[in-house]
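Below is the structure:
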């Protein structure tokens, strides 16, 4: 018998907290095998042992542990919220960024050249630049539009751009600059490159804690209510692309091990979606060889095992 995800009974705060604490222990041990990113100078200064985890459920529960109130640089998690903000304005925007997985590195210039300047999906950097470009064109301020979506899903919480991280990112942003020039050469951009890169770096430098991110992403799990104007079919497509492309080259491994749509960022954040049930967000700065949070992936894997969360 097939059971609809929405009909499964909710778990009480106590059992969720027990599972959360066990997942945190597993994740903290796994984090010791990772390394903090040095790609952006400001991120290399973060204390490696920081660890926060939160679970938000569709029935209104929010449990959390560790450094769960500490804001962190969400980095590529912002790609997810920027995409959703754009799709609110124009669901046809998928055609501009694609939805296919790729084995290439997330900031590969060669892959973009081979594809004629059309990004594989919105979660590689080239695709995210196109999303920011279109969002900037439609709203006049892609950063504000992304912040608005985050704040709508987590009212009352502090979500803002960390300007020191944004500046650090701008200084070290040579690869994204190259991608933007290739996109412009192929006619994929509508805004000026300098303005686009400034917006993109500020967007990636948004800081929020795991409670905020888990709550803000809940619209991707809840089929009965939403803080966005996205249609159900659009939400399904977003989750599908998260599953196949949200964790870069490790997406297949994450689908095999965990079975949840997920998105990572080099700031050490990971957010995963269980349609019909809830969301989980972890912040643990040390990254594995794929560029995903070593502790975050391990913690989500253990929590999913305990809670029985999987789309399969």
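Residue numbers (my numbering): 3 to 314. Glycine is no exception: its CB is placed at the ideal position from the N, C-alpha and C atoms.
Compute the Euclidean distance between the alpha carbons of residue 38 and residue 78, then round it to the nearest angstrom. Distance from the CA of residue 38 to the CA of residue 78, rounded to the nearest whole angstrom, comes to 15 Å.
C-beta contact flag for residue 252 and residue 294 at 8 Å: Yes, the Cβ-Cβ distance between residue 252 and residue 294 is below 8 Å.
Hey, residue 185 and residue 119: beta-carbon distance below 8 Å or not? In contact: residue 185 and residue 119 (Cβ atoms closer than 8 Å).
Nearest CA to the CA of residue 177: which residue from 32, 41 and 33? The alpha carbon of residue 177 has as its nearest neighbour, out of 32, 41 and 33, the alpha carbon of 41.
First and last residue of the uninterrupted beta strand (DSSP E) at residue 249: Run containing residue 249: none; DSSP gives neither H nor E here.
How would you write the range of the beta strand (DSSP E) that residue 66 sits in, first residue to last? Bounds of the beta strand (DSSP E) holding residue 66 are 64-68.
Could you check where the alpha helix (DSSP H) with residue 59 kicks off and where it finishes? Careful: residue 59 lies outside any alpha helix (DSSP H), inside the beta strand (DSSP E) at 54-59.
Does residue 105 pass the burial test, meaning 16 or more other C-beta atoms within 10 Å, or should it be called exposed? The residue in question, residue 105, is exposed, as its Cβ has fewer than 16 Cβ neighbours within 10 Å.
Could you please give the first and the last residue of the uninterrupted beta strand (DSSP E) stretch that includes residue 266? First-last of the beta strand (DSSP E) with residue 266: 264-266.
Measuring only the C-alpha atoms, how far is residue 315 from residue 136? With the chain covering 3 to 314 only, the question about residue 315 has no answer from this structure.
Helix or strand or just coil, what does DSSP make of residue 298? Residue 298 falls in the helix class under three-state DSSP.
Alpha-carbon to alpha-carbon, residue 270 and residue 187: Each residue's CA atom was taken as its position, placing residue 187 and residue 270 some 33 Å apart.
Please name the residue or residues paired with residue 162 in a DSSP beta bridge. In the DSSP output, where bridge partners are listed per residue, residue 162 has 209.
Smallest Cα separation from residue 290: which of 108, 268, 100 and 21? When C-alpha distances from residue 290 are compared across 108, 268, 100 and 21, the shortest belongs to 268.
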